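Presented below is the structure to which this report refers.
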Amino acid sequence: MRTYSAAIIALALLGSTAALAEESSFHNILTTSRTIISPSQYYQHKEGILVEADIASSDGSIKVEDGPLRTDLDIKGTAFGAAGFIAINPSLVLGLRALQDRAEYENTLKNKNIVLQPSVTYSPVPGLSVAAQVNIIRTSFKAEGADEKTSKANNFTLGMTAHQEAWEGTIVLSTKKDGGTNEQSIPQKVGLHGRYRIVEPITLGLSFEQRDFSAISGEGFDDEDETRIGVHMEAAMSETFAVEFDYYSTTAEAGDKDSDGSEFVLMGQTLITPTLEAGVQVSYATVDGDGIDSKLVRPGLFVSAKF
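Residue numbering for the sequence shown is 492 to 798, as defined by this note's numbering.
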């Protein structure tokens, strides 16, 4: 486990100096924007109730080469998500997100994940927020000709965000869950994200994420830490329309030292009424590995409403 105490101290100091600063004016769809990496960023919701929902489909393929043999499989899937956030007061936000994700590999394997994420976000002083979240994960998978297998895993996420009017910095940690097998285990994850509004309509950001697969490698596995670097741009095209672009580069995808990946994400959102937003998102992801190559296109829709 690498130590990030210096980053935590720096964020705390920056947050304390922002005590008299104006609250951040960043605005995101909390459950869909890739610039949201931690529940500590839910500080953006200040009053009332916020409800968000999203739906996405996925379509792609995976190619597996084992010596002279080659297998091509089509991948299809769907995902549904919903979330609610209640601002008890401007400093305290309670949230709950639910997600169901299904994938099917050309009738050879079916996989389903259900995730519940209750969270608490608290701002002790203006310009600084901290959060805790529980991740309740249920997974089932069924191979052709075999019985369905299920697994359960729970872990925790802790986050801290410091922010002022033109910038924001976040650090997040999700704990490891050792389930005894690779399928039932969750790697520890550390993430960093920072963004700065260079001019009024444009914000640029960078993110870093590391998942410690090496700590949960089972017998016969030699997994490495997955590292993911992201570049982000947000642009307000008008008072009612905004876009977001994200690019990710990943090494040791899912712990496989021979697999590297990339992903492009484009999102657009529009303000339909003062309390209702909707938008579209599409991502294109590829993985290039030693004997395994895959690509996946994932379009989706989302809506956000305040009450």
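For every residue, glycine included, the Cβ atom is placed at its ideal position computed from N, Cα and C. The model shown is predicted, which means the values in this text are computed figures rather than measured ones.
Under a 10 Å Cβ-count criterion, K537 is classified as exposed, with fewer than 16 other Cβ atoms of the shown protein chains found around its own Cβ. Counting only residues of its own chain and dropping the five nearest sequence neighbours on each side, Q608 has a CB closer than 6 Å to the CB of R588, Q624 and N626. Ranking S610, R593 and A637 by CA distance to the CA of R629 puts R593 first. With at least 16 other beta carbons inside 10 angstroms of its own, T648 counts as buried.
Out of I720, D751, I763 and D747, the CA that lies nearest to the CA of S729 is found in I763. Shown here for L767: same chain residues with a beta carbon closer than 7 Å to its own, the five before and five after excluded, namely A796 in chain order. In the structure shown, P692 falls within a coil segment according to DSSP collapsed to helix, strand and coil. The shortest C-alpha to C-alpha distance from Q591 to any of S582, T612 and G568 is the one to G568. Only residues of its own chain outside the window of five on either side were considered, and among them none has a CB closer than 7 Å to the CB of V690.
Q535 sits in a helix when the DSSP states are folded into three classes.
Following the DSSP letters along the chain, one finds Q624 inside the beta strand (DSSP E) bounded by residues L619 to A634. Bridge pairing for A653: L619 and G660 [DSSP]. Classified as buried, K680 has 16 or more neighbouring CB atoms from the shown chains inside 10 Å of its CB.
If you look at G721, you'll find it in the beta strand (DSSP E) that goes E717 to A727.
For E754, the beta-bridge partners assigned by DSSP are Y739 and A776. Excluding the 5 residues flanking it on each side, R525 has same chain C-beta neighbours closer than 6 Å at D737 and V756, in chain order.
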